[in-house]
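Student: Number 180 in UniProt numbering belongs to position 180 of the sequence shown; there are no gaps in the numbering. Would you mind keeping the following structure in view while I ask a few things?
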Amino acid sequence: MEFDTIAAISTPLGEGAIAIVRLSGPQAIPIANKVFHSPNGKDLQNQASHTIHYGHLVDPKTEEVVEEVMLSLMKGPKTFTREDVVEINCHGGLVSVNRVLQLVLINGARLAEPGEFTKRAFLNGRIDLSQAEAVMDLIRAKTDKAMNVALGQMDGRLSRLIKSLRQALLETLAQVEVNIDYPEYDDVEEMTLPLMIEKCTWVRDEIDKLLVTSSQGKILREGLSTAIIGRPNVGKSSLLNSLIQENKAIVTDIAGTTRDIIEEYVNVRGVPLKLVDTAGIRETEDIVERIGVEKSRQVLNEADLILLVLNNAEQLTEEDRKLFEAIQGMDFIVIINKTDLPTSIDSNEVQQLAGDKRVVTTSLLQEEGVDELEEAIASLFFEGSIEASDLTYVSNARHISLLHLAKATVTDAIDAAHANVPVDIIQIDVTRTWEILGEITGDTVEESLIDQLFSQFCLGK
Ligand SMILES: Nc1nc2c(c(=O)[nH]1)N(C=O)[C@@H](CNc1ccc(C(=O)N[C@@H](CCC(=O)O)C(=O)O)cc1)CN2
Ligand SMILES: Nc1nc2c(ncn2[C@@H]2O[C@H](COP(=O)(O)OP(=O)(O)OP(=O)(O)O)[C@@H](O)[C@H]2O)c(=O)[nH]1
Ligand SMILES: [K+]
Ligand SMILES: [Mg+2]
Numbered sequence: 001m002e003f004d005t006i007a008a009i010s011t012p013l014g015e016g017a018i019a020i021v022r023l024s025g026p027q028a029i030p031i032a033n034k035v036f037h038s039p040n041g042k043d044l045q046n047q048a049s050h051t052i053h054y055g056h057l058v059d060p061k062t063e064e065v066v067e068e069v070m071l072s073l074m075k076g077p078k079t080f081t082r083e084d085v086v087e088i089n090c091h092g093g094l095v096s097v098n099r100v101l102q103l104v105l106i107n108g109a110r111l112a113e114p115g116e117f118t119k120r121a122f123l124n125g126r127i128d129l130s131q132a133e134a135v136m137d138l139i140r141a142k143t144d145k146a147m148n149v150a151l152g153q154m155d156g157r158l159s160r161l162i163k164s165l166r167q168a169l170l171e172t173l174a175q176v177e178v179n180i181d182y183p184e185y186d187d188v189e190e191m192t193l194p195l196m197i198e199k200c201t202w203v204r205d206e207i208d209k210l211l212v213t214s215s216q217g218k219i220l221r222e223g224l225s226t227a228i229i230g231r232p233n234v235g236k237s238s239l240l241n242s243l244i245q246e247n248k249a250i251v252t253d254i255a256g257t258t259r260d261i262i263e264e265y266v267n268v269r270g271v272p273l274k275l276v277d278t279a280g281i282r283e284t285e286d287i288v289e290r291i292g293v294e295k296s297r298q299v300l301n302e303a304d305l306i307l308l309v310l311n312n313a314e315q316l317t318e319e320d321r322k323l324f325e326a327i328q329g330m331d332f333i334v335i336i337n338k339t340d341l342p343t344s345i346d347s348n349e350v351q352q353l354a355g356d357k358r359v360v361t362t363s364l365l366q367e368e369g370v371d372e373l374e375e376a377i378a379s380l381f382f383e384g385s386i387e388a389s390d391l392t393y394v395s396n397a398r399h400i401s402l403l404h405l406a407k408a409t410v411t412d413a414i415d416a417a418h419a420n421v422p423v424d425i426i427q428i429d430v431t432r433t434w435e436i437l438g439e440i441t442g443d444t445v446e447e448s449l450i451d452q453l454f455s456q457f458c459l460g461k
């Protein structure tokens, strides 16, 4: 495929030591050549691929020096986009990079759309769609594990598995054709149905295995959404601060200090958490606080894990009991805080209300009990534990919904085969499954979807 030449700033905007303007396309080297002057008058067209060159950028019209740069030259197809790529390493800072970008735009490049470099890598066949999506996941990864999952997917791990499933489906379809074409097999159904059942069942089992990883995959990517709830002043914000080991949330002895939701990402013994500190839940006349309380209730509904904080120095109140009711059926851990103060809480009743869930005691003031809490969180997550490194994870919402669809469709095929439905009818479901799986890798997807996916990327990526 032949495209025009695109350019963009590929590093974050802001002040830094170095920033990169990247060019990709057939005119990348000629455009660079027009504006680049090396001390000894090098012609970039004659330089070897994957070399870096020192020099100045000069505006050909005014002959003014624009920047002092290092310029990397990479000739296709062994490049990120498979096209000729030039990267201009200039001084960091908004004015400098923008000048360089303007210069290459005036001299023949077009400003790239968000994700367009990666889109070219896809369109030129270097990577498939799931690998391209992994590039974006990598940029957004908030934890080490999430990054490893993305790296595995970029490497084509998910793609290879999906390809093998599609291959198996294709083989059964081919077998059906062969059997239909050779009339000496007088009973096509008898020949083909067992094979179809066998292959389709294998495909379904593999999809199931992938789907099992998906809830964990989502958590790895986005963090286990963990809401800290409790009455005012029990120490919710103190808990957030001690888990993230920073004083992010305001802590005071005034009940109703936290008015708005505070979100922080943290890694607790390898478990990525999106911690959400909320306003203390109570009946209140204060309008601002009431909005906060309302938001707390919403957070509670959307959480994967609840940390319910109680005050050791006070008896359980009706509000505490209501909170227990509200979280029934969810994953939660109870924290009895302020154990440095004299005990008034009835811990037997707490354990009773908690049922089979863990109750942990802490004194956040004296930094006690946090280890035990972290251990409780980690063991909850790693129950039936799986390791990120030895599994193919699916974490992308688009992939997950396609896998569910593929599973339903291949199950239809299996059921139909068991019911001795004519093979050419079952073929339709098998073909459809093959297509749906192809949408994950981008082998069978519409252009509009591709455009939409890539437009979610960062500029310059
Ligand atoms: N300066 C710079 N750093 C960067 C990038 C970049 O584009 N520029 N990357 C951008 O994300 C990442 C590196 N990713 C890359 C992925 C593939 C190829 C590439 O050229 N692949 C070819 C050739 C491989 C080879 O030499 O064997 C290929 O796969 O055919 C380059 C960078 C991170 N660091
Ligand atoms: N004695 C004692 N005081 C604590 C402990 N943990 C927190 N506190 C104090 O309790 C008060 C309230 O703490 P916060 O973390 O603001 O409580 P909160 O639940 O976020 O309060 P709201 O946001 O107002 O609902 C502060 O004065 C803390 O210093 C503890 O373990 N022991
Ligand atoms: K408070
Ligand atoms: Mg608070």
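Glycine is no exception: its CB is placed at the ideal position from the N, C-alpha and C atoms.
Count Cβ pairs between the stretch 86-101 and the stretch 406-426 that sit closer than 8 angstroms; are there 3 or more?
Tutor: Verdict: no, contact absent.
Student: Exposed or buried, what is I250 when buried is set at 16 or more other beta-carbons lying within 10 Å of its beta-carbon?
Tutor: The residue in question, I250, is exposed, as its Cβ has fewer than 16 Cβ neighbours within 10 Å.
Student: Does V21 get closer than 7 angstroms to chain C when you measure Cβ to Cβ?
Tutor: The displayed structure is made up of one protein chain only, and chain C is not part of it.
Student: Starting from F332, follow the beta strand (DSSP E) in both directions and report where the run begins and ends.
Tutor: F332 to N337 is the extent of the beta strand (DSSP E) around F332.
Student: Taking the alpha-carbon positions, what's the H399 to D286 distance?
Tutor: Distance between the alpha carbons of H399 and D286: 45 angstroms.
Student: Any residue with its Cβ nearer than 6 angstroms to a heavy atom of ligand 3 should be included. What is that list in chain order?
Tutor: Here the residues come out as N233, T252, I254, A255 and T257.
Student: Would you call the stretch 442-460 in contact with the stretch 120-135, where contact means no fewer than 3 C-beta pairs closer than 8 angstroms?
Tutor: Result yes; three or more Cβ-Cβ pairs closer than 8 angstroms.
Student: Considering just the uninterrupted stretch of the alpha helix (DSSP H) at E435, what are its terminal residues?
Tutor: Residues V423 to T441.
Student: Any idea if E387 is buried or exposed, counting beta-carbon neighbours within 10 angstroms, 16 or more meaning buried?
Tutor: Interpretation of E387 is limited by its pLDDT of 40, a score under 50 that renders its predicted location unreliable; no figure is taken from the coordinates.
Student: Does any heavy atom of ligand 2 sit closer than 6 angstroms to the C-beta of N311?
Tutor: No, the beta carbon of N311 sits no closer than 6 angstroms to any heavy atom of ligand 2.
Student: N107 by DSSP, collapsed to three states: which one?
Tutor: Looking at N107 - three-state DSSP - the assignment turns out to be coil, as it is neither helix nor strand.
Student: For the alpha helix (DSSP H) that contains E116, what are its first and last residues?
Tutor: Run containing E116: E116 to L123, per the alpha helix (DSSP H) assignment.
Student: Starting from K274, trace the beta strand (DSSP E) both ways and give me its first and last residue.
Tutor: From DSSP, the beta strand (DSSP E) with K274 extends over V271 to D277.
Student: Spell out the partners DSSP gives M74 in its beta bridges.
Tutor: M74 is bridged to V85.
Student: Tell me which same chain residues have a C-beta within less than 8 angstroms of the C-beta of W202, skipping the five on either side of it?
Tutor: Taken in chain order, the residues that qualify are A168.
Student: Can N6 and V21 be called in contact, C-beta distance under 7 angstroms?
Tutor: Here the sequence assigns Ile to residue 6, which means Asn is not the residue at that position. Not a contact, by the Cβ cut-off of 7 angstroms.
Student: Please work out which residues of its chain come closer than 6 angstroms, Cβ to Cβ, to I18, disregarding the five sequence neighbours upstream and downstream, and give them in chain order.
Tutor: So the list reads N89 and G92, once near-sequence residues are dropped.
Student: Output needed for F454: all residues of its chain with C-beta closer than 6 angstroms, excluding positions within five of it in sequence on either side, in chain order.
Tutor: Result list for F454: G115 and K119, in chain order.
Student: What does DSSP give as the partner residue(s) for H91 in the beta ladder?
Tutor: Beta-bridge pairing links H91 to I18.
Student: Around the Cβ of S214, are there at least 16 other Cβ atoms within 10 angstroms (buried) or fewer (exposed)?
Tutor: Buried.
Student: Quick one, which of L211, Q175, K209 and L210 has its alpha-carbon nearest K199's?
Tutor: Here the closest residue by C-alpha is Q175.
Student: Going by the beta-carbon positions, is the gap between V276 and E294 smaller than 7 angstroms?
Tutor: Not in contact: V276 and E294 (Cβ atoms no closer than 7 angstroms).
Student: Express the C-alpha separation of M70 and I52 in angstroms, rounding to a whole number.
Tutor: Their backbone Cα atoms lie some 7 angstroms apart in a straight line.
Student: Would you report the Cα separation of F3 and P26, rounded to the nearest angstrom?
Tutor: Answer to the nearest angstrom: the Cα atoms are 7 angstroms apart.
Student: Between L23 and F36, how many whole angstroms is the CB-CB distance? I'm expecting something under 8 angstroms.
Tutor: Their Cβ separation, rounded to whole angstroms, is 11 angstroms, which puts L23 and F36 out of contact at 8 angstroms.
Student: Our contact map puts I31 next to A109 with C-beta atoms below 8 angstroms; I'd like the distance itself, whole angstroms only.
Tutor: Right, their Cβ atoms sit about 6 angstroms apart.
Student: By alpha-carbon positions, which one of A28, V178 and D205 ends up nearest to L403?
Tutor: Nearest of A28, V178 and D205 to L403, Cα basis: D205.
Student: State the start and end residues of the unbroken alpha helix (DSSP H) segment that holds I9.
Tutor: Note, I9: premise wrong, no alpha helix (DSSP H); beta strand (DSSP E) at I6 to I9.
Student: My understanding is that residue 503 touches P272, with C-beta atoms under 8 angstroms, so please give their C-beta distance in whole angstroms.
Tutor: Any question about residue 503 goes unanswered here, given that the chain covers just 1 to 461.
Student: In the DSSP assignment, find the alpha helix (DSSP H) that holds T411 and state where it starts and stops.
Tutor: Its alpha helix (DSSP H) spans residues A397 to H418.
Student: Report the three-state DSSP secondary structure of L305 (helix, strand or coil).
Tutor: DSSP places L305 in strand when its eight states are reduced to three.
Student: How should residue 462 be labelled, buried or exposed, when 16 other C-beta atoms within 10 angstroms of its C-beta is the threshold for buried?
Tutor: As displayed, the chain neither begins before 1 nor continues past 461, which places residue 462 out of reach and without an answer.
Student: Quick one: does the C-beta of G280 sit closer than 6 angstroms to a heavy atom of ligand 2?
Tutor: Within the cutoff, so yes.
Student: Mind checking S343: buried by the 16 CB within 10 Å criterion, or exposed?
Tutor: It is worth fixing the name first, because residue 343 is Thr in this sequence and not Ser. With fewer than 16 other Cβ atoms within 10 Å, it is exposed.
Student: Sorted by chain position, which residues of the same chain lie with C-beta nearer than 7 angstroms to D451's C-beta, five sequence neighbours on each side aside?
Tutor: None.
Student: Could you check what DSSP says for I162 in three-state terms: helix, strand or coil?
Tutor: Of the three classes helix, strand and coil, the one that applies to I162 here is helix, per DSSP.
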